[in-house]
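Structure, rendered in C-alpha cells:
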C-alpha cells in the first residue's frame, strides 16, 4: 500500500453542505424528522382518547398494511429457517415492550420530553457507557459524557413540568387497571408523573441498545434491514392483537370523531413507522459509517424540530392542565444532548488515517507509521481519573480532612436544598446557597492541597507549593469581603431592626452547628499556624543570642508560619461555627424576649471577629507572596550573617536573599567573598550548614575570590559589582529596609570628589536594599583597590 492510499481522506462522510447531493439528502432528512415529530405530537392527542396498548396495535396494523405489500418479506428473498422464526418472534416481543414503554412515556411527560430522551440514539448512549467503563476515549468523548450527564440531570431535577394532574381518575377514567397501577407505582416512589415518564424512557433507551444490536445481526442473516423491519412490524401487530382487543373491548373510549381519529392514526403511522425508516435507509446508505452518521444527525434534527413544534404547540395553552409546556430544564437538556450527539459520534478515523514519516527503506521507499496521528493524545477513563484523584486526596492528612468535611458540607447543603424546595422555604434555600459558597472555598482549598504536592517540573522548578499560599490569600480576601458586607448590613439593621421569622431557623442553626463542629474537630490539628502566626513572638524574647538557639534544626523557625491554605479553610469553618452559635443565641432571645436588635448586634460582633481573625492570615500570606523574610526568622538570619563574617578567610558577603516559598520551605542565596588562600569548598559547606541552622531549607552559596573580580573587570569593564557587607559593619534588616535605598545614594560622597554622579541611579533595590550603608570606608583591601577601578565604581559600594 502506498502512502497516499491511506493518507487520503475518506470522501464518504455525511456532511450537509459537502455537495449538492448531500444537501438534498439532508433537506429530505430534516423534512421527514419534522413529520416524525408531528407524528409523536399526534400520538399524544390519540393517547388521550384510547388506551396506549390499543393505540400501538392500531398503528402497527396500519404500518404493516403499508410495509408488507411494499416489501413482500414472505415471498421475496431466501426462505427463512425455523430457527430464525423464533428469533424474529423474540425480537418482535422486545420491540412491543420498548414501544409500549415509549407510549407510556409520551403520556406521562409529553411529546417533547419523550423526543429528548427516547430519540437519543442508543449508539450515543453505548459510546458514553463504554467511555465511562473502559476509558481510552478522546477528549471530545469525555466532553460528550459530561454533556449527556448534565442534560439527564437537568431534565430530572430542573424541569418543573406544570402538567401534573390533580385528579387522575377524572383525566384517565378511560384507561385500564394497568394504567392506574402504573400511575400509582410512579407516585408511590415519590416522583412526579413527568419525572416517572422520563425515567421510563431512559430505561427504554437502554433496552433499545440491545435491541438495535440484535436487529443488525439478524438483518444480515435474513437478507437486509428492510425485509426484517417488515417482518417485525407484521409479527408485532400479531403479538399485540389479543391484549389490545381485550383492552379496547373492556375499556372506555373518548373518540369524538372517528373520521378525525382515523386520519390522525394513518398520519402518525405513516410519519413514524414507515416514512422515517425508509428515509434514514436512503440518506445514510452511502455513508462510510451509517450507524454513527445516523446517531449524530437524527437526534439533533429531532430535538430541533420537536422544540420548534412545542414552542408553537404550547404557546397558547401552557397554563392549562395536561399541557407539558417548555421550561429551563428542557432547554438545558436540548443543548446538552445535542452537544453529546456530536461529541460522542466524532470519528476517531482521522487519527488512524494520519501517517507519520519515519524514514526510508533500503530500497528508498518512504516508510510511515500507520496508526494514531502524530502528537495526538487520548483522554483517560473518567472512572480511572476519579479513582486516581481520590487516592491522591486521601494520601495526605490535609487534603483528607478537607475532603471529608467537604462531603459533610455538600450533604448538608443538598438536604437544605431538597427540603427547601419541598417546603418552598426561601430561608432554607438561601442558607443552602450560603453553604454552597462555603463548599466552593473548600473545593479551592482541596485543589490547592493536592496541587501543592505535585512534583517540580521544567517550568516550575520549585514545584507547586506556593499554590497553598495563594489559596490562603484568596480565602482570606473572601472572608474579608463577607465580613465587610455583614458589617454594613448589621449597621443598617441595627438602626432599623426588621422582623425576623424564626420558623425552622433553630433547626437549621443547630444542624449547621453540628456540621461545623465536625469541621472544627477535623481541622483541630491543622490550625497550628493560625495560633502561632500572629507575629512569630516565640523567637523575639531572646534577642540575638538566645533566639538562634531554638533554630538548631531546619524545621523549627519556619513552621510557625503555618500552612496558609489550611488556615484559610480553618477560618472558614470557624466563621461558620460562630455564625451558627450567634444564630442560636439571637433566635432564643427573639423568641423569648422579642429583642429584634439582637440579630444585627450578633451579626456585627461576628463580622468584627471574622476581620480580627483573618487579618493575620491576610498579611502573612501577602508577605509570603511578596517574598518577604519570615518575621520569626529575621533575628536568626541576622545572627547567621554575623557568624558568616566571623569565619576565618571570609572578607564580605553580597546579594543576600532570604524568603519563604511556602509553609515548610525557606530559601536562601548568598554571595561570599573570601581570601585567595582559603579552601572555598570548606567555607561553602560551613556557610550552608549555618544557613540551614538559621531556618533555610534550601540554600545556594557562591564563593568569590579576588581573582574572580579582576577577571570579570578585564573581560567586561562595564560590569558593576554588588554592594558588599564586610566585617565590623552592623547589619540590620529593620533599618536597612527603611534607609538603604536613600543611604546608598550618598553614603560615600563625603571623602571622594566627583564620584557621586553614579550613585543617584545605579543602585538596584534587589541587590542592596536589604543592608544599611555603613559610615566610612571599608577596611578591607578590596575597598582600597576599588578606588582605582574604571569610571563608575566608587569606594566600596558596587551595584550590579
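Numbering (the numbering used here), first residue to last: 956 to 1755. Virtual Cβ for every residue (Gly too), placed ideally from N, Cα, C. No experiment lies behind these values; they were computed from the predicted model shown.
Taking all protein chains shown into account, do 16 or more other C-beta atoms lie within 10 angstroms of the C-beta of residue 1037, making it buried, or fewer, making it exposed? exposed
From the DSSP output, read off the bridge partner residues of residue 1681. Residue 1681 is bridged to 1607.
Enumerated in chain order, which unbroken segments of the alpha helix (DSSP H) with a length of 4 residues or greater are wholly contained in the region 1072-1110? As for any alpha helix (DSSP H) of minimum length 4 sitting wholly inside the region 1072-1110, the runs are 1077-1088, 1094-1108, ordered along the chain.
According to DSSP, is residue 1659 helix, strand or coil? strand
For residue 1624, the residue or residues it bridges with in DSSP: 1612, 1655
Roughly how many angstroms lie between the CA atoms of residue 1180 and residue 1168, to the nearest whole one? 12 Å
Grouping DSSP H, G and I as helix and E and B as strand, with all else coil, what is residue 1571? Residue state, collapsed to three classes: helix.
With residue 1187 and residue 1046 assumed to form a contact (beta carbons below 8 Å), what rounded beta-carbon distance in angstroms separates them? 6 Å
Cutoff 7 Å; reference residue 1098; Cβ partners in own chain excluding five residues on either side: Spatial neighbours of residue 1098 in its own chain (CB-CB distance under 7 Å, excluding positions within 5 residues in sequence) are listed in chain order as 1298.
Could you please give me the residues that DSSP links to residue 1629 through a beta bridge? DSSP lists 1605 as the bridge partner or partners of residue 1629.
Rounded to a whole number of angstroms, what is the C-alpha to C-alpha distance between residue 1256 and residue 993? Across the structure, residue 1256 and residue 993 are spaced so that their CA atoms are roughly 13 Å apart.
Supposed close pair residue 1053, residue 1162 - CB separation, criterion 8 Å: 6 Å
Could you please give the first and the last residue of the uninterrupted alpha helix (DSSP H) stretch that includes residue 1269? No alpha helix (DSSP H) contains residue 1269, which DSSP labels as neither H nor E.
Cβ-based neighbour list, residue 1445, same chain, cut-off 7 Å, excluding 5 preceding and 5 following: 1555, 1558, 1559, 1562
Would a C-beta distance cut-off of 9 Å place residue 1076 and residue 1251 closer than the cut-off? yes
Give a yes or no on whether the C-beta atoms belonging to residue 1574 and residue 1529 are separated by under 9 Å. no
Comparing the CB of residue 1441 with every heavy atom of the ligand ZN, is any distance shorter than 8 Å? Within the structure as shown, the ligand ZN is missing, as the structure has no ligands at all.
Can you give me the start and stop residues for the alpha helix (DSSP H) that residue 1478 sits inside? No alpha helix (DSSP H) holds residue 1478; DSSP gives it neither H nor E.
Leaving out five residues on either side along the sequence, give the residues of the same chain with a beta carbon under 7 Å from the beta carbon of residue 1541. Once the five neighbours on either side are set aside, the close Cβ partners of residue 1541 are 1553, 1554, 1557.
Could you compute how far the alpha carbon of residue 1698 sits from the alpha carbon of residue 1677? Low local confidence applies: a pLDDT of 39 at residue 1698 is under 50, so the model's placement there is unreliable, with the coordinate-based value given in what follows. In a straight line, the C-alpha of residue 1698 is about 15 Å away from that of residue 1677.
When we look at the beta-carbon of residue 1364 and count the other beta-carbons within 10 Å, is it buried (16 or more) or exposed? buried
Between residue 1058 and residue 998, how many whole angstroms is the CB-CB distance? I'm expecting something under 8 Å. 7 Å
Can you tell me which of 1666, 1101, 1214, 1603 puts its alpha carbon nearest to the alpha carbon of residue 1682? Each of 1666, 1101, 1214, 1603 was checked against the Cα of residue 1682, and the nearest Cα belongs to 1603.
Return the CA-CA distance between residue 1013 and residue 1374, expressed in angstroms with no decimal places. 45 Å
Nearest neighbour of residue 1469, chosen from 1415, 1360, 1156 [CA to CA]: For residue 1469, the nearest C-alpha among the options comes from 1360.
Once DSSP output is grouped into helix, strand and coil, what is the label at residue 1321? strand
When you compare only the Cα positions, how much space is there between residue 1235 and residue 1104? One Cα belongs to residue 1235, the other to residue 1104, and the distance between them is close to 27 Å.
Along the chain, where does the alpha helix (DSSP H) containing residue 1541 start, and where does it finish? Where residue 1541 is concerned, the enclosing alpha helix (DSSP H) stretches over 1519-1548.
Residues in the same chain with beta-carbon distance under 6 Å from residue 1461, minus the five sequence neighbours each way, listed in chain order, please. 1542
Just the Cα atoms here: how many angstroms apart are residue 1061 and residue 1183? 26 Å
Go to residue 1036, then tell me how far its alpha helix (DSSP H) extends in each direction, as first and last residue. Per DSSP, residue 1036 belongs to no alpha helix (DSSP H) and is neither H nor E.
Which two residues bound the contiguous alpha helix (DSSP H) that contains residue 1591? 1589-1600
Using DSSP with H/G/I as helix, E/B as strand and the rest coil, what is residue 1163? In the structure shown, residue 1163 sits in a helix (DSSP, three-state: H, G or I).
Pick from 988, 1648, 1537: whose alpha carbon is nearest that of residue 1249? 988
Cβ pair residue 1572, residue 1430 closer than 9 Å: yes
Let's see if you can read the secondary structure: which residues bound the alpha helix (DSSP H) around residue 1198? 1180-1205
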